[in-house]
Amino acid sequence: MKNFAKLLGLTLALSALIFSGCKKKPVRDASTLPATGSSSTIDPNAVALTEDPNTTLAPRTEDKPVNENQSVVDAVYFALDRAAVAAPERPKLDAALKWLGANPEKSLVLVGHCDWRGTAEYNLGLGDRRANAVKRYLESLGADPKRLETLSKGSTDAKQAGGEAEWQKDRRVDFVELKRQ
């Protein structure tokens, strides 16, 4: 019983020491608070933005994502939660190799994408594995690794609406020409 009392006392003393060492939030006085009410100043040169009634936005009629328009060859598609290049997709890699051969001064960025399912971290990793699988395959065909870079976008451009047919379009690697400055 004496040991329990000593242990309890020691625990309480350590708790008090720990909590008393925590930094308290400083209290702001009225002089440091921002001004409110009618005494605030307004920039007389500020320009108000208004909607122009003569301007219209045309809806996109293309079925492709905006970034896919930059792809120089057809995208390579993947199965759900897979990073291996399927046999039916390999002719697209041959086309990418031909593009590299026809454009020896240019390089490609292999951009890996995922559908929206999974965590952001997992999808970034899966997009990276997909892009690197395509890179390794192109290198095995003889592509110069210095002309290939990888990038994972994960699920940042993925569509959540629709079903499996729409989500399949998000599981891909795009071939984007690297523009050097």
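First residue of the sequence shown: 72, per the numbering used here; consecutive thereafter.
Virtual Cβ for every residue (Gly too), placed ideally from N, Cα, C.
Beta carbon of residue i nearer than 9 Å to that of residue j
{"i": "residue 179", "j": "residue 171", "result": "yes"}
{"i": "residue 205", "j": "residue 183", "result": "yes"}
{"i": "residue 208", "j": "residue 161", "result": "yes"}
{"i": "residue 210", "j": "residue 222", "result": "no"}
CA nearest to the CA of residue i, picked from the options
{"i": "residue 229", "options": "189, 161, 236, 241", "result": "241"}
{"i": "residue 300", "options": "250, 187, 251, 244", "result": "Shown here, the chain extends from 72 to 252; a query on residue 300 therefore has no answer."}
{"i": "residue 214", "options": "169, 141, 238", "result": "169"}
{"i": "residue 195", "options": "211, 226, 76", "result": "226"}
{"i": "residue 186", "options": "173, 217, 148, 221", "result": "148"}
{"i": "residue 250", "options": "239, 143, 189", "result": "143"}
{"i": "residue 188", "options": "175, 246, 235, 83", "result": "235"}
{"i": "residue 212", "options": "165, 248, 78, 83", "result": "165"}
Residue span of the alpha helix (DSSP H) that contains residue i, given as start and end
{"i": "residue 248", "result": "First-last for residue 248: 243-249, but that is the beta strand (DSSP E), not the alpha helix (DSSP H)."}
{"i": "residue 169", "result": "161-173"}
{"i": "residue 156", "result": "It is not in any alpha helix (DSSP H) - residue 156 carries neither H nor E in the DSSP assignment."}
{"i": "residue 239", "result": "235-239"}
{"i": "residue 211", "result": "191-211"}
Residue i, buried or exposed, once every other Cβ within 10 Å from all chains shown has been counted against 16
{"i": "residue 198", "result": "buried"}
{"i": "residue 224", "result": "buried"}
{"i": "residue 104", "result": "Confidence at residue 104 is low in this model, with a pLDDT of 49, below 50, so its placement is unreliable and the value that follows should be read with caution. Label assigned to residue 104: exposed."}
{"i": "residue 191", "result": "exposed"}
{"i": "residue 158", "result": "exposed"}
{"i": "residue 167", "result": "buried"}
{"i": "residue 216", "result": "exposed"}
Residue span of the beta strand (DSSP E) that contains residue i, given as start and end
{"i": "residue 224", "result": "219-225"}
{"i": "residue 178", "result": "178-184"}
For residue j and residue i, the rounded distance between their alpha carbons
{"i": "residue 231", "j": "residue 203", "result": "25 Å"}
{"i": "residue 151", "j": "residue 163", "result": "19 Å"}
{"i": "residue 193", "j": "residue 200", "result": "10 Å"}
{"i": "residue 174", "j": "residue 237", "result": "33 Å"}
{"i": "residue 239", "j": "residue 246", "result": "17 Å"}
{"i": "residue 129", "j": "residue 141", "result": "Any reading at residue 129 is ruled out, since the residue's pLDDT is 45, under 50, leaving its predicted position unreliable."}
{"i": "residue 73", "j": "residue 79", "result": "10 Å"}
{"i": "residue 82", "j": "residue 76", "result": "10 Å"}
{"i": "residue 248", "j": "residue 176", "result": "11 Å"}
{"i": "residue 84", "j": "residue 233", "result": "60 Å"}
Any C-beta of chain C under 9 Å from that of residue i
{"i": "residue 218", "result": "As a matter of chain content, chain C is missing from the structure shown, which is built from one protein chain."}
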